[in-house]
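K.L.:
Next up is a structure, given as structure tokens.
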Amino acid sequence: MEKLLSFLDTNRDRYLTELTELLAIPSVSSQASHKPDMDRCAQWIARHAGSLGMNNVQIMPTPGHSIVYCDWLHAPDAPTVLIYGHYDVQPVDPLNLWETPPFEAAVRGENLYARGASDDKGQLFVHLKSIEAYLKIHGTLPVNIKMILEGEEEIGSENLDNFVKDHTDMLKADLVLISDSSMYAKGVPSICYGLRGLSYVEIEVTGPDHDLHSGSFGGSVHNPIQALCEMIASLHDKNGKVTIKDFYADVLPLSKLERDEFKKLKHSDKTYAKELGVKELYGEKGYSTLERLWVRPTLECNGIWGGYIDEGTKTVLPSKAFAKVSCRIVPNQSSTKISKLLEKHLKSIAPKTVDVKVRFLHGGEPAITPIGSPGVRAAVIALEKGFGKKPVYQREGGSIPIVVQFKKLLGIDTVLLGFGLPDENAHSPNEFLNLENFYGGIRTSAHFLDELPALWKNRSKKKTKK
Ligand code: BES
Ligand code: ZN
1396 MEKLLSFLDT NRDRYLTELT ELLAIPSVSS QASHKPDMDR CAQWIARHAG
1446 SLGMNNVQIM PTPGHSIVYC DWLHAPDAPT VLIYGHYDVQ PVDPLNLWET
1496 PPFEAAVRGE NLYARGASDD KGQLFVHLKS IEAYLKIHGT LPVNIKMILE
1546 GEEEIGSENL DNFVKDHTDM LKADLVLISD SSMYAKGVPS ICYGLRGLSY
1596 VEIEVTGPDH DLHSGSFGGS VHNPIQALCE MIASLHDKNG KVTIKDFYAD
1646 VLPLSKLERD EFKKLKHSDK TYAKELGVKE LYGEKGYSTL ERLWVRPTLE
1696 CNGIWGGYID EGTKTVLPSK AFAKVSCRIV PNQSSTKISK LLEKHLKSIA
1746 PKTVDVKVRF LHGGEPAITP IGSPGVRAAV IALEKGFGKK PVYQREGGSI
1796 PIVVQFKKLL GIDTVLLGFG LPDENAHSPN EFLNLENFYG GIRTSAHFLD
1846 ELPALWKNRS KKKTKK
């Protein structure tokens, strides 16, 4: 291990140069104009994986963006780890708020700034580099590795389900390893054991069948923007609770143990509010901030538009107004069920004066992963060795919908080993990755691969004894 760790240390600058190259490809999955960049990014990763010594490298087309697959399967008695990551990124707007261009990675202080630095190119790169180090130094790996890197995570992994269903043999493994989440805080390595899911809809409100002169007609018809705002404003009550009937019906209550554990995590509402630039926090009454973020479902309006928003003024009473609304859901809620409840509710509160259409955009299920598994135990040791500190256990508010699907379709659990930080501006201007966490992540990944076989073997022994 020593030789390998010193190799990791002496190659830091090269890792940064290579990651900068990967970050320079604007792989924005949601925008059709970036399709060629998506392909270029898949090719870059495939070429890179091949150059490290990964075998069977394939760019596998889907009806959407391609999936990159590769493997290394020469450790016959060792477990097989399926590493998942995503090479697509979120759009960069508003561009004028970036201090340096989003696709020209720049080091400022101890951070690397670029779209995708943290979510998820920087994090998936960590594993490529630990694999590379093993193959360079030892010519072999302690475990078998399969990797799938998809290009549609940020748009709901629409084609991944079918891909996994169609390739269960190819993807057969003992556990999944994903680095696409955050540590609890800087200097606090973490194991994440819970993620929220998502239900996403678009609302279209139509008033008059064409735009009207607001002087000639204003006062005689219900402005669809006003109608939409009234509807959206009514979705929360004065206690911050979502008003949709049965919205909370399936929510798994927080156990006393978890509640007590969350209380032990260092958190200050005051500092948190300051970091986010808000005067005061807002949320569901009766729950702490961590509970609101990790174990309670929420409803957000993600965007709202309609009417005239260009330069100057236009006295128009618009025909249409739109909003994108999404719910973060928690165990044991179901994304389809919540989307249906949402649609039914929106229709029921639609004023008679307008027509309301609800379109389902995408969804994903929430996940809870077991914490006593050999994979998690390997991760705990690896984090301690990689970061010099014992990790804490946490849940997170974001979603990685494929986690549940891996369990359902392949029957395997996921270890969520996040190297991001909650304040790294993911999905927002000036996204960054803390470089110490990047290098610590590579070390941790290497330790994980090193620790896993023994823990896995013990588990099998225990299993056969029973
Ligand atoms: N890396 C995030 C998921 C994440 C965020 C995990 C924060 C833990 C904490 C991932 O890339 C992401 O953003 N996922 C989307 C999924 C959605 C489009 C279905 C999300 O959570 O919005
Ligand atoms: Zn993301």
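Quick note, in the numbering used here, the sequence shown goes up one by one and the last residue is 1861.
The beta-carbon is built from N, C-alpha and C at its ideal position, and this holds for glycine as well.
#1: May I ask which residues mark the beginning and end of the beta strand (DSSP E) holding S1615?
#2: Given T1764, which residues of its chain have a CB within under 6 Å of its CB, disregarding the five upstream and five downstream residues?
#3: Which residue marks the beginning of the beta strand (DSSP E) containing K1541, and which one marks its end?
#4: Taking the alpha-carbon positions, what's the A1441 to I1540 distance?
#5: Quick check on the DSSP output: the alpha helix (DSSP H) that includes Y1410 runs from which residue to which?
#6: Hey, which unbroken runs of the alpha helix (DSSP H) at 4 residues or more fall wholly within the region 1571 to 1659?
#7: If distances are taken between C-alpha atoms only, which option among P1456, E1599, H1617 comes closest to F1558?
#8: Since H1757 sits in a beta bridge, which residues does DSSP pair it with?
#9: Applying the criterion that 16 or more other CB atoms from any shown protein chain within 10 Å of the CB defines a buried residue, is H1842 buried or exposed?
#10: Would you list the one or two residues that DSSP bridges to I1724?
#11: In or out: D1604 buried (at least 16 other Cβ within 10 Å) or exposed?
#12: What residue ranges within the region 1419 to 1458 form continuous beta strand (DSSP E) runs of no fewer than 3 residues, ordered along the chain?
#13: Could you check if G1783 is buried or exposed, using at least 16 other CB atoms within 10 Å of its CB as the buried criterion?
#14: Okay, do the region 1486 to 1502 and the region 1793 to 1807 touch, 3+ Cβ pairs below 8 Å being the bar?
#15: Given T1638, which residues of its chain have a CB within under 7 Å of its CB, disregarding the five upstream and five downstream residues?
#16: Pull up the CB-CB distance for V1583 and V1787, whole angstroms please, since I reckon it's below 8 Å.
#17: Taking just the CA atoms, how far does K1651 sit from R1687?
#18: Is D1483 near the ligand ZN, with its Cβ less than 6 Å from a heavy atom?
#19: How is P1848 classed by DSSP in three states: helix, strand or coil?
#20: What does the alpha-carbon distance come out to for the pair L1847 and P1824?
#21: Using a threshold of 6 Å, is the CB atom of D1606 nearer than that to any non-hydrogen atom of the ligand ZN?
#22: Examine chain D for any beta-carbon lying closer than 7 Å to the beta-carbon of L1623, and answer yes or no.
#23: Should E1548 be counted as a contact of the ligand BES given a C-beta to heavy atom distance under 6 Å?
#24: Using the Cβ count rule (16 or more neighbours within 10 Å means buried), how would you classify R1347?
#25: Please tell me whether L1623 and A1745 are closer than 7 Å, where the distance is taken between their beta carbons.
#26: Alpha carbons only, please: which of L1671, G1672, E1670, V1690 is nearest the one belonging to E1870?
#27: For the alpha helix (DSSP H) that contains H1481, what are its first and last residues?
#28: Buried or exposed, going by whether 16 or more other CB atoms sit within 10 Å of the CB of K1861?
#29: Here's a check: name, in chain order, each residue in its chain whose Cβ is nearer than 7 Å to the Cβ of E1553, leaving out the five neighbours to either side.
#30: Is D1514 close to the ligand ZN? I mean its beta-carbon at under 6 Å from any heavy atom of the ligand.
#31: For A1716, which of helix, strand or coil comes out of DSSP?
#32: Which residue wins for smallest C-alpha separation from H1740, given the options E1706, E1413, L1694?
#33: Look at G1815 and S1513 and say whether their C-beta atoms are less than 7 Å apart.
#34: Rounding to the nearest angstrom, what Cα-Cα distance links Q1438 and P1713 in this structure?
#35: According to DSSP, is T1708 part of a helix, a strand, or is it coil?
#36: Based on Cα-Cα distance, which residue from Y1579, D1845, Y1834 lies nearest to H1662?
P.N.:
From the atom records:
#1: Counting from one through the sequence shown, the residue named residue 1615 turns up at place 220. Premise fails: S1615 is in no beta strand (DSSP E) and is neither H nor E.
#2: As a working note, residue 1764 is residue 369 in the sequence shown. Excluding sequence neighbours, T1764 sits near Y1588, D1808, T1809.
#3: Residue mapping note: residue 1541 aligns to position 146 of the sequence shown, counting from 1. Counting along the chain, the beta strand (DSSP E) containing K1541 begins and ends at 1539 to 1545.
#4: Numbered from its first residue, the sequence shown carries residue 1441 at position 46. Numbered from its first residue, the sequence shown carries residue 1540 at position 145. Rounded to the nearest angstrom, the two C-alpha atoms are 15 Å apart.
#5: In the sequence shown, the residue the question calls residue 1410 occupies position 15. Counting along the chain, Y1410 sits inside the alpha helix (DSSP H) bounded by residues 1407 to 1418.
#6: For the region 1571 to 1659, whole alpha helix (DSSP H) runs of length 4 or above, ordered along the chain, are 1609 to 1612, 1619 to 1628, 1651 to 1659.
#7: In the sequence shown, the residue the question calls residue 1558 occupies position 163. Out of P1456, E1599, H1617, P1456 has the C-alpha closest to the C-alpha of F1558.
#8: The count along the sequence shown starts at 1 and reaches residue 1757 at position 362. Its beta-bridge partners are Y1595.
#9: The sequence position of residue 1842 within the sequence shown is 447, counting from 1. Buried, because 16 or more other Cβ atoms sit within 10 Å of the Cβ of H1842.
#10: Locating residue 1724 in the sequence shown gives position 329, where the first residue counts as 1. In the DSSP output, where bridge partners are listed per residue, I1724 has G1592.
#11: The residue you call residue 1604 lines up with position 209 of the sequence shown. Its Cβ having fewer than 16 others within 10 Å, D1604 is exposed.
#12: 1450 to 1455
#13: Numbered from 1 along the sequence shown, position 388 holds the residue referred to as residue 1783. Classification of G1783: exposed, given that the 10 Å Cβ count is below 16.
#14: no
#15: Sequence index remark: in the sequence shown, residue 1638 carries index 243 (1-based). Correct list, in chain order: S1629, L1630, H1631, D1632.
#16: As a first step, residue 1583 must be located in the sequence shown, where it is residue number 188. As a first step, residue 1787 must be located in the sequence shown, where it is residue number 392. That pair is a contact at about 6 Å.
#17: On the sequence shown, position 292 is the one that residue 1687 refers to. On the sequence shown, position 256 is the one that residue 1651 refers to. When rounded, the distance between both Cα atoms is 16 Å.
#18: Reading the sequence shown from its first residue, position 88 is the one you call residue 1483. The ligand ZN never approaches D1483 closely enough for any of its heavy atoms to be under 6 Å from the residue's Cβ.
#19: Numbered from 1 along the sequence shown, position 453 holds the residue referred to as residue 1848. P1848 falls in the helix class under three-state DSSP.
#20: The sequence position of residue 1847 within the sequence shown is 452, counting from 1. The sequence position of residue 1824 within the sequence shown is 429, counting from 1. Roughly 37 Å separates the two Cα atoms.
#21: Along the sequence shown, read from residue 1 onward, the residue named residue 1606 stands at position 211. Remark: the C-beta of D1606 is outside contact range of the ligand ZN, defined as less than 6 Å to any heavy atom.
#22: Absent here is chain D; the protein component of the structure consists of one chain.
#23: Here residue 1548 refers to the residue found at position 153 when the sequence shown is read from its first residue. Under cutoff, so the answer is yes.
#24: This structure does not reach residue 1347, given that the chain is present from 1396 up to 1861, and the question cannot be answered.
#25: Within the sequence shown, numbered from 1, the residue matching residue 1623 stands at position 228. Within the sequence shown, numbered from 1, the residue matching residue 1745 stands at position 350. The answer is no: Cβ separation not under 7 Å.
#26: Because the chain is modelled from 1396 through 1861, residue 1870 falls outside the range shown and cannot be assessed.
#27: The residue labelled residue 1481 in the question sits at position 86 within the sequence shown. It is not in any alpha helix (DSSP H) - H1481 instead sits in the beta strand (DSSP E) that spans 1475 to 1481.
#28: As a working mapping, residue 1861 is identified with position 466 in the sequence shown. The pLDDT assigned to K1861 is 38, lower than 50, so where the model puts this residue is not dependable, and the model offers no usable value.
#29: As a first step, residue 1553 must be located in the sequence shown, where it is residue number 158. If we look at E1553 and ignore the five residues flanking it on each side, its Cβ neighbours are G1459, E1547, H1757.
#30: Mapped onto the sequence shown, residue 1514 falls at position 119. Result yes, Cβ under 6 Å from the ligand ZN.
#31: Numbered from its first residue, the sequence shown carries residue 1716 at position 321. DSSP places A1716 within a strand segment (E or B) once states are collapsed to three.
#32: The sequence position of residue 1740 within the sequence shown is 345, counting from 1. Nearest option by C-alpha distance: L1694.
#33: Sequence index remark: in the sequence shown, residue 1815 carries index 420 (1-based). Sequence index remark: in the sequence shown, residue 1513 carries index 118 (1-based). The answer is yes: Cβ separation under 7 Å.
#34: Numbered from 1 along the sequence shown, position 43 holds the residue referred to as residue 1438. Numbered from 1 along the sequence shown, position 318 holds the residue referred to as residue 1713. Each residue's alpha carbon lies about 45 Å from the other.
#35: Here residue 1708 refers to the residue found at position 313 when the sequence shown is read from its first residue. Reduced to three states, the DSSP call for T1708 is coil.
#36: For the purposes of this step, residue 1662 is taken as residue 267 along the sequence shown, with counting starting at 1. Answer by Cα proximity: Y1579.
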